[in-house]
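Under the working numbering, the first residue of the sequence shown carries the number 5, and numbering increases by one thereafter.
The beta carbon of each residue, even a glycine, is placed where N, CA and C say it ideally should be.
The structure appears below as structure tokens.
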Amino acid sequence: MDEIATRVPEAERDRAVQLIQEAYAQGRLTSGELELRLEGALTATAREQLEPILADLPGGPPEDDTVELGSTGGAIVRTGDWQVPRLLRVHSGYGGVRLDLSQAFIARPLVDIELHLAYGSALIILPRDASADADGVRTGWGRVTSKVRAYGGHPHLRVTGELAHGTLTIRHPRTWRTPRH
């Protein structure tokens with residue numbers, strides 16, 4: 005089955021431009037390569053077009069892209085401009101987890117998130133056109149609430165793991181309405 009091209013949010017395009025400019029400043033690219041890569045990054049409409057432009061640069065998408073986050077008693081929070089790995093493993097004993105991917109750089113069309121929480125809840129905020137499948141999450145005394153579509157989004161998150169005493173909520177960013185006068 006052919007993969008559908010994954011649309012590039014403006015934040016990812018900006019992050020790609022930043023990585024290219026940093027590589028040029030470090031002497032990793034010639035001025036000709038800088039020009040070609042910047043043009044490619046600025047005109048990219050699909051994530052698949054960005055991957056080859058960034059593949060050999062520091063901060064670009066590595067092949068084995070796994071990050072583990074852990075906390076015994078505090079919160080785990082990732083928000084703003086951060087690079088989402090291909091596989092994110094999160095372990096928390098006593099504390100909440102907040103993963104805001106709405107402004108993050110997501111280089112791959114599929115992201116796996118493994119949650120292992122003893123006492124605490126998790127909130128995952130996705131970009132507008134993303135989807136998430138949380139069928140692989142087991143709960144003890146808790147629940148899983150997903151307010152996003154389960155498939156067909158770009159990127160797509162596959163959430164697995166276990167929550168002993170807590171909840172998992174997956175949603176898109178909130179939009180604030182201005183009151184009518």
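Are the CB atoms of residue i and residue j nearer to each other than 8 angstroms?
i	j	result
residue 127	residue 173	yes
residue 162	residue 103	no
residue 160	residue 134	yes
residue 48	residue 42	no
residue 122	residue 97	yes
residue 32	residue 73	no
residue 45	residue 20	yes
residue 209	residue 56	Not covered by the structure: residue 209. The range shown for the chain is 5 to 185.
residue 151	residue 175	yes
residue 167	residue 149	no
For residue i, collect the residues of the same chain with a Cβ closer than 7 angstroms to its Cβ; drop the 5 residues on either side in sequence, then sort them by chain order.
i	result
residue 177	106 and 129
residue 81	102
residue 78	99
residue 38	24 and 28
residue 138	148, 150, 163, 172 and 174
To which residues of the same chain is residue i closer than 6 angstroms at the C-beta, ignoring the five residues directly before and after it?
i	result
residue 145	169
residue 171	125, 146 and 147
residue 93	72 and 118
residue 140	164
Quick one: what does DSSP say residue i is sitting in, helix, strand or coil?
i	result
residue 6	Residue placement at residue 6 is flagged as unreliable, the pLDDT there being 39, under the threshold of 50; the coordinate-derived value follows with that caveat. DSSP places residue 6 in coil when its eight states are reduced to three.
residue 112	coil
residue 155	coil
residue 44	helix
residue 140	strand
residue 79	coil
residue 125	coil
residue 18	helix
residue 132	coil
residue 102	strand
residue 23	helix
residue 170	coil
residue 97	strand
residue 53	helix
residue 84	coil
Among the candidates the options, whose CA atom is the shortest distance from the CA of residue i?
i	options	result
residue 86	40, 16 and 59	16
residue 95	40, 138, 164 and 35	164
residue 91	116, 166 and 138	116
residue 156	141, 142 and 136	136
residue 18	59, 153, 108 and 154	108
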